[in-house]
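Enquirer: This is the structure I have questions about; it appears just below.
Number of protein chains: 2
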Amino acid sequence: MAGLRSGQVATAAGVNPQTLRYYERRGLITEPHRSIGGHRMYPPETVTILRVIKAAQRLGFTLDEIADLLDATAHRHGRRADAGLPERARVKLAEVDERIADLTIIRAQLAQAVAAGCHDLMTCAESPDCPLPFAAIADRRRAAT
Amino acid sequence: MAGLRSGQVATAAGVNPQTLRYYERRGLITEPHRSIGGHRMYPPETVTILRVIKAAQRLGFTLDEIADLLDATAHRHGRRADAGLPERARVKLAEVDERIADLTIIRAQLAQAVAAGCHDLMTCAESPDCPLPFAAIADRRRAAT
DNA sequence: ATGTATCCGGTACCTGGGTACCGGGTTACC
DNA sequence: GGTAACCCGGTACCCAGGTACCGGATACAT
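Quick note, the sequences are listed as chains A and B, same order. Reading the first sequence from the start, the letters are residues 1 to 145 in my numbering. Reading the second sequence from the start, the letters are residues 146 to 290 in my numbering.
This is how it looks when you write it as structure tokens:
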């Protein structure tokens, strides 16, 4: 009846016990009941929630986004301007596509450098024959995930 | 004759002036000469070096790797067990391929979630019909860049 | 010679997602 | 009822790659 202790939950979900407290601070899991002595006693579904969090992380959602998503789930009585899962998944999908496109360009450049036999960055930088883009795209900063 | 001041170099290379000092600490650029008053006076090729660094970063090399690469360039009198640019580029290329493969799987899962019309993570987690992998792969941790 | 722009070193802070350590209190099992 | 294993809150630290702030000194143009 009492519930699971933090160590049990952590083991069952495959996470570090500290992570539970961290997620609690971040608002990803709700504060569990406490034993008389102050120890956290978790309901069993917490393990599922943790698995959901980990699955969502693998899909590229940040902890903040996941918190929102779980929140939206929790009190899903209608309106709530923030988009639900389907919408967010579509947005994330677009982000992933963009990231793949970025990496594909990078891949091509690396392949060219290998093919051209660039043996030294500084020499390449001064040679007009080097395929590497030293003339910086410079501006499109911070690629995601 | 004196050389460029840090602000001039930073502007020319499109980086923050603080970044120059940071790179110096990290061993990416060598300590420049100083004016009588102690101000750094850079040789003009520093701008090229910075562009090279930025280009290499875009290709996915870390600052430590770039430091090594520039180092290897600098005193390239023969032996030196650490691989040169061609070898490193091949390794990095493989890493990028792996990352693209990862993202492709993620992309497919997101697309499935969208197609299946998953509307709520917690509900999905309990439904056997949901395509999302809640039963964690869990172990293959920390995907790169 | 003076005003303004720039630079100095040192230190602290940022993002994101945790992990580690501490001294002391609680539970569980025999 | 002892004792081992666990948990508490609080704080500090980790990764990478920077950025920001500070008081004071320098450089350069006039």
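Idealized CB from N, CA, C, for every residue including glycine.
1. Is the CB of residue 29 of chain A under 8 Å away from at least one CB in chain B?
2. Just tell me which of A:12, A:63 and A:11 has its CA closest to the CA of residue 29 of chain A.
3. Residue 248 of chain B: which of A:113, A:92 and A:111 sits nearest, CA to CA?
4. What residue does the beta strand (DSSP E) around residue 40 of chain A start on, and which one ends it?
5. Run down chain A in chain order and give the residues with a C-beta less than 9 Å from the C-beta of residue 149 of chain B.
6. Would you call the CB atoms of residue 148 of chain A and residue 255 of chain B closer than 8 Å?
7. Against chain A, does residue 287 of chain B count as a neighbour if the rule is that its beta carbon must be under 8 Å from one of theirs?
8. Mind listing, in chain order, the continuous alpha helix (DSSP H) runs of no fewer than 4 residues lying wholly within the segment 72-125 of chain A?
9. Drop a sphere of 10 angstroms on the beta-carbon of residue 156 of chain B, count the other beta-carbons inside from all chains shown, and report buried for 16 or more, exposed for fewer.
10. Consult DSSP for residue 170 of chain B and reduce its assignment to one of helix, strand or coil.
11. So, using beta-carbon positions, are residue 204 of chain B and residue 120 of chain A closer together than 8 Å?
12. Taking 8 Å as the cut-off, decide whether the C-beta atoms of residue 177 of chain B and residue 188 of chain B are in contact.
13. Verify whether the separation of the beta carbon atoms of residue 279 of chain B and residue 52 of chain A is less than 8 Å.
14. At which residues does the alpha helix (DSSP H) containing residue 52 of chain A begin and terminate?
15. Comparing C-alpha positions only, which one of B:234, B:186 and B:172 sits nearest to residue 116 of chain A?
16. When DSSP labels each residue in this structure, what does residue 4 of chain A get in the three-state scheme?
17. In its own chain, which residues sit with a C-beta less than 8 Å from the C-beta of residue 147 of chain B, not counting the 5 before and 5 after it?
Expert: From the atom records:
1. Taking the first residue of the first sequence as position 1, residue 29 of chain A is located at position 29. With its beta carbon at least 8 Å from every one in chain B, residue 29 of chain A lies outside the interface.
2. The residue you call residue 29 of chain A lines up with position 29 of the first sequence. Checked all of A:12, A:63 and A:11; the closest Cα to residue 29 of chain A is A:63.
3. Counting from one through the second sequence, the residue named residue 248 of chain B turns up at place 103. Just measuring C-alpha positions, the residue of A:113, A:92 and A:111 sitting nearest residue 248 of chain B is A:92.
4. Taking the first sequence and counting its residues from 1, one reaches residue 40 of chain A at position 40. It spans 40-42 - the beta strand (DSSP E) in which residue 40 of chain A sits, taken as one unbroken run.
5. The residue labelled residue 149 of chain B in the question sits at position 4 within the second sequence. Neighbours of residue 149 of chain B on chain A: none; closest Cβ ~17 Å, over 9 Å.
6. In this structure chain A extends from 1 to 145, so residue 148 of chain A is not present and cannot be described.
7. As a working note, residue 287 of chain B is residue 142 in the second sequence. Because the pLDDT of residue 287 of chain B is 38, which lies under 50, any placement of that residue in the model is unreliable, and the question is left without a value.
8. For the segment 72-125 of chain A, whole alpha helix (DSSP H) runs of length 4 or above, ordered along the chain, are 85-116.
9. As a position in the second sequence, residue 156 of chain B is number 11, starting the count at 1. Residue 156 of chain B should be labelled exposed.
10. Counting from one through the second sequence, the residue named residue 170 of chain B turns up at place 25. Residue 170 of chain B falls in the helix class under three-state DSSP.
11. Here residue 204 of chain B refers to the residue found at position 59 of the second sequence. Here residue 120 of chain A refers to the residue found at position 120 of the first sequence. Not in contact: residue 204 of chain B and residue 120 of chain A (Cβ atoms no closer than 8 Å).
12. Counting from one through the second sequence, the residue named residue 177 of chain B turns up at place 32. Counting from one through the second sequence, the residue named residue 188 of chain B turns up at place 43. The Cβ atoms of residue 177 of chain B and residue 188 of chain B lie closer than 8 Å to each other.
13. The residue given as residue 279 of chain B occupies position 134 in the second sequence. The residue given as residue 52 of chain A occupies position 52 in the first sequence. Taking C-beta atoms as the reference points, residue 279 of chain B and residue 52 of chain A count as a pair closer than 8 Å.
14. Walking along the first sequence from the start, residue 52 of chain A turns up at place 52. First-last of the alpha helix (DSSP H) with residue 52 of chain A: 45-58.
15. By 1-based counting over the first sequence, the position of residue 116 of chain A is 116. The shortest C-alpha separation from residue 116 of chain A is found at B:234.
16. Taking the first sequence and counting its residues from 1, the one referred to as residue 4 of chain A is at position 4. Per DSSP, reduced to three states, the secondary structure at residue 4 of chain A is strand.
17. Taking the first residue of the second sequence as position 1, residue 147 of chain B is located at position 2. The beta carbon of residue 147 of chain B sits closer than 8 Å to the beta carbons of 180 and 186 from its chain, once the five residues preceding and following it are set aside; these are given in chain order.
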